[in-house]
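Accompanying notes for the structure given below.
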Amino acid sequence: MFKIYDTFNIKSLEDLKDKLVDNNRIANVLAEGGSGKNKAGESYTERLKQSLDYMESIRGMFPRWQVELYLDEIKNSLYKIKDIERFVFVGSLRRKKSIVKDIDILIQPYFNNPLYDFERSEKLLGEIRSLNFIKRLLSSDIRKENISARFETVFGIEIEFIISSDKNWAVDMLYTTGSKKHVKKLERIAQKKGYFKSGRIDTAGFSENSGEGTGNYLPADDEFYEKNIYSRLNLQYISPELREDLGEIELAENFLVPSLLTMEDIKGDLHIHSRWSDGIIGLHDMVERVKKFNYEYIAITDHTESSYYGRGLDAKRVQEKINYINKLKSRFKDFYILMGSEIEIRGVGKLDYPENIIKKMDIAIGSMHSSFLNTRA
Numbered sequence: 002m003f004k005i006y007d008t009f010n011i012k013s014l015e016d017l018k019d020k021l022v023d024n025n026r027i028a029n030v031l032a033e034g035g036s037g038k039n040k041a042g043e044s045y046t047e048r049l050k051q052s053l054d055y056m057e058s059i060r061g062m063f064p065r066w067q068v069e070l071y072l073d074e075i076k077n078s079l080y081k082i083k084d085i086e087r088f089v090f091v092g093s094l095r096r097k098k099s100i101v102k103d104i105d106i107l108i109q110p111y112f113n114n115p116l117y118d119f120e121r122s123e124k125l126l127g128e129i130r131s132l133n134f135i136k137r138l139l140s141s142d143i144r145k146e147n148i149s150a151r152f153e154t155v156f157g158i159e160i161e162f163i164i165s166s167d168k169n170w171a172v173d174m175l176y177t178t179g180s181k182k183h184v185k186k187l188e189r190i191a192q193k194k195g196y197f198k199s200g201r202i203d204t205a206g207f208s209e210n211s212g213e214g215t216g217n218y219l220p221a222d223d224e225f226y227e228k229n230i231y232s233r234l235n236l237q238y239i240s241p242e243l244r245e246d247l248g249e250i251e252l253a254e255n256f257l258v259p260s261l262l263t264m265e266d267i268k269g270d271l272h273i274h275s276r277w278s279d280g281i282i283g284l285h286d287m288v289e290r291v292k293k294f295n296y297e298y299i300a301i302t303d304h305t306e307s308s309y310y311g312r313g314l315d316a317k318r319v320q321e322k323i324n325y326i327n328k329l330k331s332r333f334k335d336f337y338i339l340m341g342s343e344i345e346i347r348g349v350g351k352l353d354y355p356e357n358i359i360k361k362m363d364i365a366i367g368s369m370h371s372s373f374l375n376t377r378a
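Under our numbering, think of the first position of the sequence shown as 2, with each following residue one higher.
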């Protein structure tokens with residue numbers, strides 16, 4: 002990449018995109034000094050274009066882990082507003098997308114029961130506007146069923162608040178969770194079954210709950226409220242994480258939607274870096290986490306010699322580590338400790354360790370941190 006920048010005097014992302022129009026020149030520069038020059042350069046150029054396209058597609062978006070750092074402050078602020086009965090984070094956050102564009106929050110106030118009070122709902126949005134993380138109002142929307150407002154925040158990400166009601170809580174949660182494609186397909190099913198009115202799935206004829214709660218019971222589980230909608234459409238319930246119109250509705254029609262993985266399904270970790278190389282966790286912390294997660298096994302797989310940036314182990318140090326792991330195995334009997342390495346692939350048939358060392362390991366992970374243009378490696 003540095004060679005491309007130097008050769009074409011690239012100063013910005015736009016410069017790079019302009020130069021990629023000339024595929025041959027870029028490919029020739031990338032392939033210099035490599036084997037299979039033309040194919041390697043073309044392959045690298047194509048990957049570079051795909052990377053730029055992806056970067057463009059997530060411009061203005063945020064990693065979910067970063068957004069989740071702000072949620073406690075938002076929740077604590079909303080808890081202090083006396084008119085709010087309950088709220089839930091919806092949209093891409095609820096679907097647990099890795100990259101999110103904004104934060105969507107569905108709110109049910111005490112006063113929107115049984116009728117929707119638009120005037121008090123607007124006043125509630127005004128109170129929300131005064132919260133310390135809100136910078137300014139960007140837009141507002143009044144619909145037949147509810148109202149909403151979008152705000153710029155000090156976090157750099159926009160937040161939309163949708164004021165719902167007791168009557169429409171479940172269907173509002175469904176629509177605001179998305180995805181749009183998933184909901185559109187549900188709408189087509191609802192139309193066929195006569196549960197569609199005024200452009201939305203109509204739950205007026207639905208029973209109050211799906212039989213999992215009675216009376217004034219207010220479940221903490223957000224899924225409770227939507228299950229009746231899926232049930233009335235003769236569909237198995239679909240968790241938010243799967244609502245992307247990737248075949249999940251077809252599975253639900255045949256009651257074949259798989260269960261989501263949980264922490265209890267994870268029995269161990271087969272790729273852990275320790276302080277022998279570039280890991281930051283010590284033995285004591287490692288053991289404590291194994292107990293916390295009830296793991297049955299772990300594999301300590303440090304870098305090998307070529308990974309100098311990761312303090313990779315040479316043949317002498319890896320033998321010391323093997324001896325150390327063997328002692329740990331006799332010390333800890335509640336779970337298995339496996340000796341392993343993340344072994345660098347340096348080229349075609351070339352590994353960092355000879356076969357006699359690899360045979361001493363319980364697990365070996367092949368890895369490439371260079372030679373990406375070598376399609377045979």
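Each residue gets a CB set at the ideal place from its N, CA and C atoms; glycine is no exception.
Phe336 beta carbon less than 7 Å from that of Glu297
yes
Could you tell me the alpha carbon to alpha carbon distance between Ile190 and Asn235, rounded to whole angstroms?
9 Å
Using the DSSP secondary-structure output, state which residues sit across from Ile359 in a beta bridge.
None; Ile359 has no bridge partner.
Taking the beta carbon of Gly212 as the centre, do at least 16 other beta carbons fall within 10 Å, making it buried, or is it exposed?
For Gly212, the predicted model reports a pLDDT of 40, less than 50, meaning its position is unreliable and no value from the coordinates is stated.
Give me the Cα-Cα distance between His370 and Gly348, rounded to the nearest whole angstrom.
11 Å
Taking the beta strand (DSSP E) that Gln109 belongs to, which residues open and close that run?
104-110
Per-residue DSSP class, three states only, for Pro220:
The pLDDT assigned to Pro220 is 46, lower than 50, so where the model puts this residue is not dependable; a value taken from the coordinates is nonetheless given after this. Residue state, collapsed to three classes: coil.
Among Val89, Tyr80, Asn169, Arg96, the one whose alpha carbon lies nearest that of Leu132
Tyr80
Just tell me which of Tyr310, Glu242, Tyr309 has its CA closest to the CA of Lys97.
Glu242
Please confirm if the segment 306-323 is in contact with the segment 254-269, defined as three or more CB-CB distances below 8 Å between the two stretches.
no
For the beta strand (DSSP E) containing Asp303, list its first residue and its last residue.
298-304
On the CB-based measure, 16 or more other CB atoms within 10 Å of its CB, does Trp66 come out buried or exposed?
exposed
Do Leu139 and Arg130 come within 7 Å of each other at the CB atom, strictly closer than that value?
no
Assign Glu57 to buried or exposed, taking buried as 16 or more other Cβ atoms, counted over all protein chains shown, within 10 Å of its Cβ.
exposed
Nearest-angstrom beta carbon gap, Gly350 and Ile366 [assumed within contact, 8 Å]
Between Gly350 and Ile366 the Cβ distance is about 17 Å, and since that is not below 8 Å, they are no contact.
Using 10 angstroms around the beta-carbon of Gly313, count the other beta-carbons present and answer buried if the total reaches 16, otherwise exposed.
buried
Using the Cα positions of Pro115 and Asp167, report the straight-line distance between them to the nearest angstrom.
7 Å
At 3 residues or longer, and completely inside the segment 257-335: list those beta strand (DSSP E) runs for me, N to C.
269-273, 298-304
With contact counted as at least three CB pairs below 8 Å, one residue from each stretch, are the segment 173-185 and the segment 83-93 in contact?
yes
Mind the definition here: the segment 320-339 touches the segment 242-261 only if three or more C-beta pairs lie below 8 Å; say whether that holds.
no
Quick check on the burial criterion: 16 or more other C-beta atoms within 10 angstroms. Buried or exposed for Asp105?
buried
Residue interval of the beta strand (DSSP E) (run including Gly200)
First-last for Gly200: undefined, no H or E at that position.
Completely contained alpha helix (DSSP H) runs for the segment 51-85, where each covers 4 or more residues:
65-80
Whole-angstrom distance between Lys228 and Gly214, CA atom to CA atom
For Gly214, the pLDDT reaches just 36, beneath the cut-off of 50, and the residue's location in the model is therefore unreliable, although a value from the coordinates is still provided. Answer to the nearest angstrom: the Cα atoms are 12 Å apart.
Would you mind stating whether Asp270 and Ile299 have Cβ atoms separated by less than 7 Å?
yes
Classify Gln109 as buried or exposed, calling it buried when 16 or more other Cβ atoms lie within 10 Å of its own Cβ.
buried
Span separating the alpha-carbon of Phe162 from that of Tyr196:
27 Å
For Asp19, count the other beta carbons within 10 Å of its own beta carbon; 16 or more makes it buried, fewer makes it exposed. Which is it?
exposed
Give the DSSP bridge partners of Glu345, in chain order.
Ser368
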